[in-house]
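Quick note, the sequence shown lines up with residues 1 to 504 if you use full-length UniProt numbering.
For each residue, glycine too, the CB sits at the ideal point set by N, CA and C.
Just so we're clear, the structure is a prediction, and the values are computed from it rather than from any experiment.
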Amino acid sequence: MCGIVGIVSFSPVNQSIYDALTVLQHRGQDAAGIVTIDQNNYFRLRKANGLVQDVFQLQHMQRLQGNIGIGHVRYPTAGSASVSEAQPFYVNAPYGITLAHNGNLTNTQELRDSILHKVRRHVNTHSDSEVLLNILASELDKFSTYRLTPDNIFSAIKQVNKTVKGAYACVAMIIDHGLIAFRDPNGIRPLVIGKRIVDGRTEYMVASESVALDTLDFELMRDVEPGEAIYITCDGQLHTQQCADEIKFRPCIFEYVYFARPDSLMNGVSVYQSRILMGQKLGQKIAKEWHNLDIDVVIPIPETSCDAALEIARILNKPYRQGFVKNRYVGRTFIMPGQSTRRRSVRRKLNANRIEFEGKNVLLVDDSIVRGTTSQEIIEMVRSVGANKVYLASAAPEIRFPNVYGIDMPVANELIAHNRTVDEIAQQIGVDKLIFQNLHDLIEAVKEGNPTITDFECSVFDGDYITGDITQSYLSYLSLSRSNTDLILPNKEIENLEIHNVGQ
Ligand SMILES: O=P(O)(O)OC[C@H]1O[C@H](OP(=O)(O)OP(=O)(O)O)[C@H](O)[C@@H]1O
Ligand SMILES: NC(=O)CC[C@H](N)C(=O)O
Ligand SMILES: [Mg+2]
């Protein structure tokens, strides 16, 4: 669930893009990259594995010159965690184009073969995003004049929308033209646009989440529509056009459950508000189904579940306590590559405060239970500090199906709820009782913020893949090609694959 940003300004953008990436860090912790266009029309690119604060040192920032740029924080969902697949990607023809992508394509292999054979473009990584960039480049290459009109750019994106399947929210830059941004016709991944007036001139910013606009004093204009494309010229002219024939708006519901920051407004829905409502609905379900259960205290498993847990405690009329101390120097564990890293990190990240558990019947709350890594470690921990009964509530329903649209859950067997009943999951995790949110309630909780959204992308809960191209053989291929071990790279490879032009 990467984070993307793009800014067209009248002053240097390096610091603003850096700042935006730091507030989008929760969407990707594996790699970060920024590319700008300098006054001589050269791309200045720096990308590497690591957190934003580690990837960009003073010398890199100084070299990232120019008033227009894009940035990316990566959480790999295709290929590997290799630095060669860090973004933004670059192609030198036509013009020189760079692109950053949030999402995941579902017809990558077919696209890769077709661009190789039809337009002789070689893609040198396993990244779906590099394939997407080459598709865009080959469409832009079809025009014979050097200067592209907005209509040319929009018709190229129309072709991209016809060819490419899956989820994609993208920002890109074309030398001598400007910045483009586009979102897939289902609007699965989020994208917003904002503006700020500086010395009477309008600067524009696009980003995965509105929180990035807030931080930089950009005013949120609106969400980029599903299938819509935005083109902002280097001198700040804004053009927009709908570029998809068939639009079925289906934003990813898991953004609201886990991925997005609570202070973001996404598709007109306050993420925070949706989490409060998830807590309300689940609280009501617990009150109804567990009405005479002996709960002493409600405790969230930090951090994302805190808003829902507080509401559950209010509904149940039980004390809400911070029973875990979160190590502020450890990031999100679910988006770390490799199961053993994730497991170790839960231990380093959370520690139980004995005083809140000893001799008590505790209701723990998490936003979601995916592989069960967090809950299994946590339950062991709270039992070891003397908890009596341990109950667990999940603000999301059972996650039973793989994700193909930008969440790294490609293997059904890795999901703890896959082919298991609630009782079997409870047994596996080691809790006395377990309860999940109903899918209908989850949808209602999010929808309340914007009733015009009629459907959501809910495939991890219901197995309904909206792009219509997901077959059992594709899922088998995914599960074979993206096992956990694929993501763990030998250090040697990391050292040898630096392919960017702004070095150490
Ligand atoms: O069942 P699992 O496979 O463990 O995945 C689910 C857990 O992972 C996430 O937490 P994470 O530590 O990533 O981030 P958070 O601090 O935002 O809660 C999520 O909030 C759940 O706690
Ligand atoms: N999480 C994402 O959006 C990933 C983008 C892209 N598929 C990659 O793996 O780099
Ligand atoms: Mg969590």
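Note the first and the last residue of the continuous alpha helix (DSSP H) segment covering residue 306. Within the sequence shown, the letter at position 306 stands for residue 306. Where residue 306 is concerned, the enclosing alpha helix (DSSP H) stretches over 306 to 316.
Could you name the residues that DSSP lists as bridge partners for residue 394? Residue numbering aside, residue 394 sits at position 394 when the sequence shown is read from its first letter. 366, 436, per the DSSP bridge assignment.
Whose CA, out of 434, 456, 318, lies closest to the CA of residue 391? As a position in the sequence shown, residue 391 is number 391, starting the count at 1. Looking at the Cα atoms, 434 is the closest of the given residues.
Presumed contact (8 Å Cβ cut-off) between residue 253 and residue 456, rounded CB distance: Position 253 of the sequence shown holds residue 253. Position 456 of the sequence shown holds residue 456. Sure, about 4 Å apart at Cβ, within 8 Å.
Is the closest heavy atom of ligand 1 to the C-beta of residue 332 under 7 Å? By one-based count along the sequence shown, residue 332 stands at place 332. Yes - ligand 1 has a heavy atom lying nearer than 7 Å to the Cβ of residue 332.
In the DSSP assignment, find the alpha helix (DSSP H) that holds residue 111 and state where it starts and stops. Mapped onto the sequence shown, residue 111 falls at position 111. Segment 108 to 119, the alpha helix (DSSP H) holding residue 111.
If we count Cβ pairs, one from each stretch, closer than 8 Å, do we get three or more for the stretch 34 to 52 versus the stretch 104 to 113? no
DSSP state of residue 527 mapped onto helix, strand, coil: Any answer about residue 527 is impossible in this case: the structure gives the chain only from 1 up to 504.
Using the rule of at least 16 other Cβ atoms within 10 Å of the residue's Cβ for burial, across every protein chain shown, is residue 325 buried or exposed? For this step, residue 325 is matched to residue 325 along the sequence shown. So residue 325 counts as exposed.
I'd like the list of long-range same chain contacts for residue 16, defined as Cβ closer than 6 Å, with 5 residues on each side in sequence excluded. Translated into the one-based positions of the sequence shown, residue 16 becomes position 16. Excluding sequence neighbours, residue 16 sits near 7, 216.
Compute the Euclidean distance between the alpha carbons of residue 205 and residue 45, then round it to the nearest angstrom. Sequence index remark: in the sequence shown, residue 205 carries index 205 (1-based). Sequence index remark: in the sequence shown, residue 45 carries index 45 (1-based). Roughly 19 Å between the two C-alpha positions.
In chain order, what residues of the same chain have a beta carbon less than 6 Å from the beta carbon of residue 398, not counting five sequence neighbours either side? Here residue 398 refers to the residue found at position 398 when the sequence shown is read from its first residue. Contacts found: 417, 436.
Would you call the stretch 219 to 231 and the stretch 179 to 188 touching, i.e. three or more CB-CB distances under 8 Å? yes
Identify whether residue 490 lies in helix, strand or coil by the three-state DSSP scheme. Residue mapping note: residue 490 aligns to position 490 of the sequence shown, counting from 1. Because residue 490 sits at a pLDDT of 42, beneath the cut-off of 50, its placement in the model cannot be relied upon, and the point is left open.
Residue 111 and residue 171: beta carbons closer than 8 Å? Residue numbering aside, residue 111 sits at position 111 when the sequence shown is read from its first letter. Residue numbering aside, residue 171 sits at position 171 when the sequence shown is read from its first letter. Cβ distance not < 8 Å, so residue 111 and residue 171 don't count as in contact.
Cβ distance (whole Å) where residue 96 is taken to contact residue 43 below 8 Å: By 1-based counting over the sequence shown, the position of residue 96 is 96. By 1-based counting over the sequence shown, the position of residue 43 is 43. Rounded, the Cβ-Cβ distance is 6 Å, consistent with contact.
Along the chain, which unbroken stretches of the alpha helix (DSSP H) at least 4 residues long are found entirely within the stretch 47 to 98? 52 to 55, 58 to 63
Output needed for residue 59: all residues of its chain with C-beta closer than 7 Å, excluding positions within five of it in sequence on either side, in chain order. By 1-based counting over the sequence shown, the position of residue 59 is 59. Same-chain partners within the cutoff: there are none.
Out of 463, 22, 243, state which residue places its alpha-carbon closest to the alpha-carbon of residue 180. Here residue 180 is taken as the residue at index 180 of the sequence shown, counted from 1. Ranking the options by Cα distance to residue 180, first place goes to 243.
For residue 11, I'd like the list of residues in its chain whose CB is within less than 8 Å of its CB, leaving aside the five on either flank, ordered along the chain. Mapped onto the sequence shown, residue 11 falls at position 11. Within the same chain, residue 11 has close Cβ partners 67, 198.
Check whether the stretch 382 to 390 and the stretch 327 to 345 touch, using three or more Cβ-Cβ pairs below 8 Å as the test. no
Could you tell me if residue 451 is buried or exposed, where buried requires 16 or more neighbouring beta carbons within 10 angstroms of its beta carbon? Position 451 of the sequence shown holds residue 451. Its Cβ having fewer than 16 others within 10 Å, residue 451 is exposed.
Contacts around residue 249, its chain only, beta-carbon distance under 6 Å, and the 5 residues preceding and following it disregarded: Here residue 249 refers to the residue found at position 249 of the sequence shown. Excluding residues within five positions, the ones whose Cβ falls inside 6 Å are 187, 226.
Three-state secondary structure (DSSP) at residue 185? Counting from one through the sequence shown, the residue named residue 185 turns up at place 185. Of the three classes helix, strand and coil, the one that applies to residue 185 here is coil, per DSSP.
With 16 as the cutoff for other CB atoms within 10 Å, does residue 47 come out buried or exposed? Residue mapping note: residue 47 aligns to position 47 of the sequence shown, counting from 1. So residue 47 counts as buried.
Assess contact between the stretch 309 to 325 and the stretch 266 to 273, defined as three or more Cβ pairs (one per stretch) separated by less than 8 Å. Is contact present? With contact defined as three or more Cβ pairs closer than 8 Å, the stretch 309 to 325 and the stretch 266 to 273 are not in contact.
Can you tell me whether residue 147 is buried or exposed? The criterion is at least 16 other CB atoms within 10 Å of its CB, across all chains shown. For the purposes of this step, residue 147 is identified with residue 147 of the sequence shown, where counting begins at 1. Flag for residue 147 reads exposed.
Report whether the distance from the Cβ of residue 477 to the nearest heavy atom of ligand 2 is below 7 Å. The residue you call residue 477 lines up with position 477 of the sequence shown. No, the beta carbon of residue 477 sits no closer than 7 Å to any heavy atom of ligand 2.
Using a threshold of 8 Å, state whether the C-beta atoms of residue 346 and residue 311 are closer than that. The sequence position of residue 346 within the sequence shown is 346, counting from 1. The sequence position of residue 311 within the sequence shown is 311, counting from 1. Their beta carbons are not under 8 Å apart, which means residue 346 does not touch residue 311 by this criterion.
Inter-residue Cα distance where the pair is residue 353 and residue 288: Taking the first residue of the sequence shown as position 1, residue 353 is located at position 353. Taking the first residue of the sequence shown as position 1, residue 288 is located at position 288. Cα to Cα, the separation comes out at about 30 Å.
For residue 98, count neighbouring C-beta atoms within 10 Å of its own C-beta (all shown protein chains included) and say buried if the count is 16 or more, exposed if not. Taking the sequence shown and counting its residues from 1, the one referred to as residue 98 is at position 98. Flag for residue 98 reads buried.
If you follow the beta strand (DSSP E) that residue 14 is part of, which residue opens it and which one closes it? Counting from 1 along the sequence shown, the entry for residue 14 is found at position 14. Taken as a continuous stretch (DSSP letters only), residue 14 belongs to no beta strand (DSSP E), being part of the alpha helix (DSSP H) at 14 to 23.
Neighbourhood of residue 79 by C-beta distance below 7 Å, restricted to the same chain and skipping five residues each side: Walking along the sequence shown from the start, residue 79 turns up at place 79. Setting aside the 5 residues that flank it on each side, residue 79 is surrounded in the same chain by 85, 125, 126, 127, each with a C-beta closer than 7 Å to its C-beta; the list follows chain order.
Is the beta carbon of residue 130 less than 8 Å from the beta carbon of residue 160? For the purposes of this step, residue 130 is taken as the residue at position 130 of the sequence shown. For the purposes of this step, residue 160 is taken as the residue at position 160 of the sequence shown. It is not a contact, given that the beta carbons lie outside the stated cut-off.
Indicate the three-state DSSP secondary structure (helix, strand or coil) for residue 464 in the structure shown. Here residue 464 corresponds to residue number 464 of the sequence shown, with the count starting at 1. Looking at residue 464 - three-state DSSP - the assignment turns out to be coil, as it is neither helix nor strand.
Taking only three categories from DSSP, how would you classify residue 499? Here residue 499 is taken as the residue at index 499 of the sequence shown, counted from 1. Caution applies to residue 499, whose pLDDT of 43 falls short of 50 and renders its modelled position unreliable; the value that the coordinates give is listed next. When secondary structure is reduced to three states using DSSP, residue 499 falls in the coil class, being assigned neither helix nor strand.
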